[in-house]
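To start, the structure itself, in structure tokens.
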Amino acid sequence: MASFKQIHKEFVAALLAPSPPIPKGSVALKKPNITSRFAVYRNNVIVGLIAALKSNFPICYALVGDEFFKALAIDFIRKDPPISPMLFEYGDEFALFISQYSPADQLPYLADIARLEIMWRNAYHAIDAKPLDITKIQQIDSKKHSNLTFKTHPSAAMLTSDWPIYSIWQGHEDNNMVDIDLEVEQTILICRPNVDVLIANIDPAACIFYSAIMNGQTLGSAYEKSMKQEPNFDFNYCFGQLFALGLITDIVVEK
Amino acid sequence: MSNFKLKKIPNLAGVGLKAQHYKTILQETPKLGWFEVHPENYMGAGGPPHKYLTAIRELYPLSLHGVGMSLGGPSKRLDPEHLRRFKALKDRYEPWLISEHLAWSTHEGKFFNDLLPLPYTEETLNHLANHIDEMQSYMGKQVLIENPSAYLAYESSPYAETEFLDQLVKRTGCGLLLDVNNIFVSANNQGYDAYDYLDAYPVEHVEEIHLGGHSVELIEDDELGIGKLLIDDHSSAVIDDVWGIYNRLIAKIGPKPSLIEWDGDIPEWPTLYNEAKIADGFMKKHVSIKVKS
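Keeping their order, the protein sequence lines are chains A and B.
Residues in the first sequence are numbered from 1 upward in steps of one, following the numbering used here.
Residues in the second sequence are numbered from 256 upward in steps of one, following the numbering used here.
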């Protein structure tokens, strides 16, 4: 009789492949109706993993529709099955796969939407941290402000795209995708200070400012870099947003 | 020191906890014995899943029902990362019961997200027993093993499933989770009598019962004319035939923690709650019979 290991190997080979429809070789299955019986497992695996991808990438699903998504998902699953039972994490490579998937060439923004959804998921499951209230900074001597650095929230992340990813995300939220100008490049900032994942659309100067803050640079340095990029940089608004989005969890005062 | 007041799962019905129902449960705090979750859904670092589970755990006892340990997988040792994550949840949420499946789902690091069947041989018995030992000693707690829903069988599988489970209990001291719907599904699919299975099953080791719905699929290459395969998809109400097996089981062993599993096409909370109350009704009936006699 075939070893346990051999049985698993042949069973798995037939599970994901388009063919053969049943395990070949030494896995002896009881008759009758072996093809139908084995098809239940084949179907369970594929349908279950498609459902996991649909759940993890709801906007991609909405953008391409059921039939296209299923075909895309099946190709992805066969190439890159999950490596952990934590299916909420499944699909880290989905964006890259989409970017190389020729049937999706007509939707060049789709890969970046998948990236946005991966970032959303990471923020949702990130370790919890309590955001700091903006009033804390008023307790610090204003002379020290330009040398302050910040600890930022573990869920915080940014994504820059050649496509209007914020508008597409917002359109999906509002169930209104019609008036989206595809000629716009957008950068988003994601954070989950409490229960809800927040997404903000940020302009290039704000992008430089938030990047510098998240990289641990001083407030003064972040300000200067942003002003250099855009003399009309709205510091007060962006600074307020840092706290409104729950991005700051601690202020570090230089000794 | 315990984080939670309620620990013990009573001999009452419980419900598989779904994210759709978090808010309703916290608002209405329904009268219900306990909840069960798939630990894999709570293995993230933080966020809403933990926030809601913590709030619900403060009000109800909990069971962790794993679907990803792959106890029947071919590797010598269980996945250490998955064990560590599971144990962390056990320490955090203090579940009264922990369970896993008589099945495999992982092969060479790839997770297939289904409970795949294995032949019941001396080799697989030893293998399973080692894996259950490993899980129980890592968790510091007894693990309950659930009978699978089967769509096919291996030619060479000398142990009956009931005997195989009995052997696992004897070798490892594990307990059993008896899924009554799985009995019905497997019996149909494999052409045996569900009540014969129940009569052969070591019911004295049952610590938890599962109840769920299944769907019916017609067989295309139907060589013997069995006509249909039943698919254990947990997407509908428990049918009368399954309640019938449950009734017989409870008559034998008395009330036990009994879970309503509903994982697909998830209904509004009242529908699930009603299913749980039906299970409670069966258990009440048998308590009163026992008191009278």
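C-beta atoms are modelled at their ideal positions from N, C-alpha and C, and glycine is treated no differently.
Here the structure is a predicted model, which is why all the values come from computation and not from measurement.
C-alpha gap between residue 102/A and residue 182/A, whole angstroms:
Locating residue 102/A in the first sequence gives position 102, counting from the first residue. Locating residue 182/A in the first sequence gives position 182, counting from the first residue. Taking the straight line from one Cα to the other gives about 20 Å.
Who pairs with residue 365/B in a beta bridge, going by DSSP?
Against the second sequence, residue 365/B aligns to sequence position 110. According to DSSP, which records beta bridges pairwise, residue 365/B is partnered with 362/B.
Could you work out which residue in 260/B, 457/B, 414/B, 408/B is closest to residue 381/B when comparing CA atoms only?
Indexing the second sequence from 1 puts residue 381/B at position 126. Nearest C-alpha to residue 381/B: 414/B.
Chain B beta carbons: is any one of them nearer than 8 Å to that of residue 11/A?
As a first step, residue 11/A must be located in the first sequence, where it is residue number 11. Interface residue, yes.
Which ranges would you report for the alpha helix (DSSP H) in the stretch 446-472 of chain B if only whole runs of at least 4 residues count?
449-455
Separation of residue 163/A from residue 184/A, as counted between CA atoms:
Residue mapping note: residue 184/A aligns to position 184 of the first sequence, counting from 1. Residue mapping note: residue 163/A aligns to position 163 of the first sequence, counting from 1. When rounded, the distance between both Cα atoms is 6 Å.
Flag residue 278/B as yes if its beta-carbon sits less than 8 Å from any beta-carbon of chain A, otherwise no.
To locate residue 278/B, count along the second sequence from 1; it is residue 23. No - not a single Cβ of chain A is within 8 Å of the one on residue 278/B.
Using only the alpha-carbon positions, how far apart do residue 198/A and residue 192/A sit?
Position 198 of the first sequence holds residue 198/A. Position 192 of the first sequence holds residue 192/A. Rounded to the nearest angstrom, the two C-alpha atoms are 6 Å apart.
If you draw a straight line from the alpha carbon of residue 254/A to that of residue 349/B, how long is it in whole angstroms?
Working through the first sequence from its first residue, we reach residue 254/A at position 254. Working through the second sequence from its first residue, we reach residue 349/B at position 94. Roughly 43 Å between the two C-alpha positions.
Return no unless some Cβ of chain B is closer than 8 Å to the Cβ of residue 184/A.
In the first sequence, residue 184/A corresponds to position 184, counting from 1. Cβ-Cβ to chain B under 8 Å: no for residue 184/A.
Can you round the beta-carbon distance between residue 38/A and residue 329/B to whole angstroms, since I take them to be within the 8 Å contact cut?
Indexing the first sequence from 1 puts residue 38/A at position 38. Indexing the second sequence from 1 puts residue 329/B at position 74. Actually they do not touch by this definition, with Cβ atoms about 19 Å apart.
Assumed close pair residue 512/B, residue 438/B - CB separation to whole angstroms, cut-off 8 Å:
The residue given as residue 512/B occupies position 257 in the second sequence. The residue given as residue 438/B occupies position 183 in the second sequence. About 17 Å; that fails the 8 Å criterion.
Alpha-carbon to alpha-carbon, residue 284/B and residue 49/A:
Reading the first sequence from its first residue, position 49 is the one you call residue 49/A. Reading the second sequence from its first residue, position 29 is the one you call residue 284/B. Rounded to whole angstroms, residue 49/A to residue 284/B spans 33 Å at the Cα level.
Quick check on residue 181/A: does DSSP put it in helix, strand or coil?
Walking along the first sequence from the start, residue 181/A turns up at place 181. Reduced to three states, the DSSP call for residue 181/A is coil.
What's the gap between the Cα of residue 368/B and the Cα of residue 16/A?
For this step, residue 368/B is matched to residue 113 along the second sequence. For this step, residue 16/A is matched to residue 16 along the first sequence. Approximately 12 Å, taken between the alpha carbons.
Can the beta-carbon of residue 270/B be found closer than 8 Å to that of residue 492/B?
Residue mapping note: residue 270/B aligns to position 15 of the second sequence, counting from 1. Residue mapping note: residue 492/B aligns to position 237 of the second sequence, counting from 1. No, the pair does not count as a contact, with Cβ atoms beyond the cut-off.
Separation of residue 460/B from residue 558/B, as counted between CA atoms
For chain B, the structure presents residues 256 to 548; residue 558/B sits outside this window and is missing.
Just to confirm the assignment: which complete beta strand (DSSP E) runs, minimum length 3, are found wholly within the stretch 317-384 of chain B?
317-320, 352-356, 359-362, 365-371
At which residues does the alpha helix (DSSP H) containing residue 275/A begin and terminate?
Residue coverage of chain A in this structure runs from 1 to 255, which leaves residue 275/A outside it and unanswerable.
What residue from 411/B, 407/B, 425/B, 370/B has the CA that sits closest to residue 401/B's CA?
Taking the second sequence and counting its residues from 1, the one referred to as residue 401/B is at position 146. Of the listed residues, the one whose Cα sits closest to residue 401/B is 370/B.
Amino acids of chain B, ordered along the chain, whose beta-carbon sits closer than 7 Å to that of residue 86/A:
For the purposes of this step, residue 86/A is taken as the residue at position 86 of the first sequence. What residue 86/A touches in chain B: 295, 298.
Segment contact flag, the stretch 113-124 of chain A with the stretch 210-218 of chain A, C-beta cutoff 8 Å, min 3 pairs
no
Considering Cα atoms alone, identify which of 405/B, 325/B, 447/B is closest to residue 485/B.
Looking up residue 485/B in the second sequence gives position 230. The shortest C-alpha separation from residue 485/B is found at 405/B.
Beta-carbon neighbours of residue 359/B, restricted to chain A and to distances below 8 Å
Counting from one through the second sequence, the residue named residue 359/B turns up at place 104. What residue 359/B touches in chain A: 8.
Are residue 146/A and residue 220/A close, meaning C-beta to C-beta below 8 Å?
Here the question's residue 146/A lines up with position 146 in the first sequence. Here the question's residue 220/A lines up with position 220 in the first sequence. Going by C-beta atoms, residue 146/A is nearer than 8 Å to residue 220/A.
Using a Cβ cut-off of 9 Å, pull out every chain A residue sitting near residue 365/B, in sequence order please.
In the second sequence, residue 365/B corresponds to position 110, counting from 1. Under the 9 Å cutoff, chain A gives 12, 16, 81, 82, 83.
Can you list the residues of chain B that residue 45/A reaches, using a CB-CB cut of under 7 Å?
Here the question's residue 45/A lines up with position 45 in the first sequence. The contacting residues are 367, 368, 369.
Under a three-way DSSP split, which group does residue 523/B fall into?
Along the second sequence, one-based indexing puts residue 523/B at 268. Of the three classes helix, strand and coil, the one that applies to residue 523/B here is coil, per DSSP.
Residues of chain B with CB under 7 Å from residue 49/A, in chain order?
Taking the first sequence and counting its residues from 1, one reaches residue 49/A at position 49. The answer, in chain order, is 368.
Find out if the Cβ-Cβ distance for the pair residue 366/B, residue 46/A is shorter than 8 Å.
Taking the first residue of the second sequence as position 1, residue 366/B is located at position 111. Taking the first residue of the first sequence as position 1, residue 46/A is located at position 46. No, the Cβ-Cβ distance between residue 366/B and residue 46/A is not below 8 Å.
Can you find a CB in chain A that lies within less than 8 Å of the CB of residue 257/B?
In the second sequence, the residue the question calls residue 257/B occupies position 2. Residue 257/B does not count as touching chain A.
Could you tell me the distance, in whole angstroms, from the CA atom of residue 462/B to the CA atom of residue 88/A?
In the second sequence, residue 462/B corresponds to position 207, counting from 1. In the first sequence, residue 88/A corresponds to position 88, counting from 1. Rounded to whole angstroms, residue 462/B to residue 88/A spans 30 Å at the Cα level.
Mind pulling the chain A residues with CB within less than 8 Å of residue 403/B?
Your numbering for residue 403/B matches position 148 in the second sequence. Going along chain A, no residue has its Cβ under 8 Å from residue 403/B, so there is no contact; the nearest lies around 11 Å.
Is residue 416/B close to chain D, meaning its C-beta is less than 8 Å from at least one C-beta of that chain?
Within the model displayed, chain D is absent; protein chains A and B are what it includes.
Name the one or two DSSP bridge partners that residue 40/A has.
What you label residue 40/A is simply residue 40 of the first sequence in a count that begins at 1. According to DSSP, residue 40/A bridges with nothing at all.
DSSP state of residue 17/A mapped onto helix, strand, coil:
Working through the first sequence from its first residue, we reach residue 17/A at position 17. Note: residue 17/A maps to coil in three-state DSSP.
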